[in-house]
Structures are given as C-alpha cells and as structure tokens.
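In this note's numbering, the protein residues as written are 2 to 223.
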C-alpha cells in the first residue's frame with residue numbers, strides 16, 4: 002500500500018502534501034547563555050509556542066554546533082572505507098567514515114570532506130556526490146551533517162602528505178569493508194556511529210538504483 006500518512010493516520014497521495022522539511026521559527030522571548038567551549042555553546046531559549054487560542058512559553062536547552070561532514074569512500078569492488086577511532090564520551094572504539102567539523106569559513110562542504118578524507122585516511126577521490134543531509138539530534142542541537150559518496154579513490158603518496166595526525170586521529174586503522182558486510186554489521190547493531198550508519202545504508206540504497214538519483218556535491222542544503 003503506497004501513499005503518505007496524514008495527521009489522523011489516513012493514507013493517500015494528498016494526505017500530507019509534499020514530504021519535505023520546511024523552515025519554521027517560533028518567537029524567542031528570552032535567552033540565557035550558559036557555556037562557550039572550543040566547538041559547542043550551550044544556551045536556554047524561552048520559546049512562545051502556539052496552543053490553540055492561547056500561547057505557552059517553554060524553555061528549550063540548545064547546543065549550538067558548526068556542523069560536520071562525512072565521507073563514504075567506495076571502491077570498484079563495492080568496498081567502503083572505514084576508520085576506527087576512539088570516542089571518549091561513549092567510551093568506545095568506533096568504526097566510522099572519515100569526518101570532520103565545518104570549521105573553515107566559506108569552505109564548501111565537499112571540500113571540507115575531501116580534506117578530511119585526505120587527513121584521516123590518506124586518500125583522494127575523483128568523483129563526489131551528496132548522499133544524505135541530516136540534523137543529528139534536532140531536539141537538542143542545531144548540528145547539521147552532510148554525508149558524501151566519494152569514488153575513484155587513490156592513495157596519497159607519503160611525500161605529498163602535508164598533515165599530521167594527533168590525539169584520537171593518531172594511528173587510526175583504515176579498513177576496506179565489503180558493502181554488504183557493512184550493511185549486515187549495521188543491522189546487527191555492531192556499528193554505532195551515526196554517519197557510518199546513515200552513509201552505509203544510503204550507499205546500499207543508491208546501489209539499488211544504479212546510483213542514478215545522487216545529488217551533486219554542491220547541491221543546495223534545504
């Protein structure tokens with residue numbers, strides 16, 4: 002049975018209109034700044050929310066974030082490139098795609114992704130597409146992530162490398178994992194990094210359509 006689901010659960014092509022997230026901004030009547038760190042800031046907004054014929058003011062804690070990018074590298078054997086990195090907040094070594102912060106003003110996201118692919122995995126790519134755009138946890142943070150598909154990968158010669166891996170990035174192992182095996186690991190709950198989960202499943206879905214519906218690397222962010 003096809004069709005979108007309406008407000009009362011009814012289905013049909015016109016029940017919910019176009020399936021697209023849209024901008025919306027409810028009035029903020031007060032704001033308290035709590036913390037400013039190297040990457041994130043924390044504040045509380047007092048938001049006036051409509052409630053029928055009345056309005057209600059509620060508090061919402063917000064973590065502001067510069068945004069991130071991730072890269073799913075795919076080779077000619079349908080293998081995805083993953084790195085293993087220590088993540089202190091969750092106390093685990095996680096399998097992840099190369100990824101990083103959007104912390105260079107004016108830099109297109111795909112160029113940020115190319116830089117992270119080079120710095121974290123030591124590869125460059127000939128072909129780039131946009132895979133998926135997400136807000137990682139929209140109930141508490143404005144962090145926005147774009148995950149790219151990179152193909153036509155080649156290893157960067159050591160003499161051309163102009164970066165140094167430090168802290169969590171030092172000695173990160175790089176693995177080429179068959180896409181079907183990576184999908185199975187996601188479904189078994191063995192891979193937890195959200196960029197890895199979203200990226201792997203998106204590549205798997207894209208492969209089913211012959212990669213025909215992929216967006217350009219500089220596609221607008223809605």
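All C-beta atoms in this analysis are idealised placements derived from N, C-alpha and C, irrespective of residue type, glycine included. All values reported here derive from a predicted model rather than from experimental measurement.
Taking 7 Å as the cut-off, decide whether the C-beta atoms of residue i and residue j are in contact.
i	j	result
residue 114	residue 84	no
residue 72	residue 132	no
residue 44	residue 30	no
residue 222	residue 134	yes
residue 91	residue 64	no
residue 86	residue 173	yes
residue 192	residue 185	no
residue 102	residue 51	no
residue 175	residue 110	no
Can you check which of these residues, the options, is closest to residue i by C-alpha distance?
i	options	result
residue 156	64, 177, 146 and 101	177
residue 208	56, 81, 141 and 96	81
residue 219	191, 148 and 120	148
residue 161	52, 101 and 120	120
residue 61	69, 141 and 41	141
residue 127	152, 63, 139 and 79	152
residue 246	99, 139 and 95	The question about residue 246 has no answer here: the residues shown for the chain are numbered 2 through 223.
residue 33	210, 194, 47 and 20	47
residue 57	69, 74, 28 and 66	28
Throw me the rounded Cβ distance for the residue i and residue j pair, which I believe falls under 8 Å.
i	j	result
residue 154	residue 124	5 Å
residue 180	residue 79	5 Å
residue 217	residue 130	7 Å
Quick check on the DSSP output: the beta strand (DSSP E) that includes residue i runs from which residue to which?
i	result
residue 93	93–97
residue 219	Element bounds for residue 219: n/a, residue is neither H nor E.
residue 46	42–52
residue 20	Element bounds for residue 20: n/a, residue is neither H nor E.
residue 105	From DSSP, residue 105 is part of no beta strand (DSSP E); its letter is neither H nor E.
residue 124	124–136
residue 69	69–75
residue 86	80–88
residue 39	Run containing residue 39: none; DSSP gives neither H nor E here.
Going by DSSP, what residue range makes up the alpha helix (DSSP H) through residue i?
i	result
residue 203	195–209
residue 119	Careful: residue 119 lies outside any alpha helix (DSSP H) and carries neither H nor E.
residue 184	180–188
Pairs of beta-carbons, one from the region 204–214 and one from the region 93–110, closer than 8 Å: are there three or more? no
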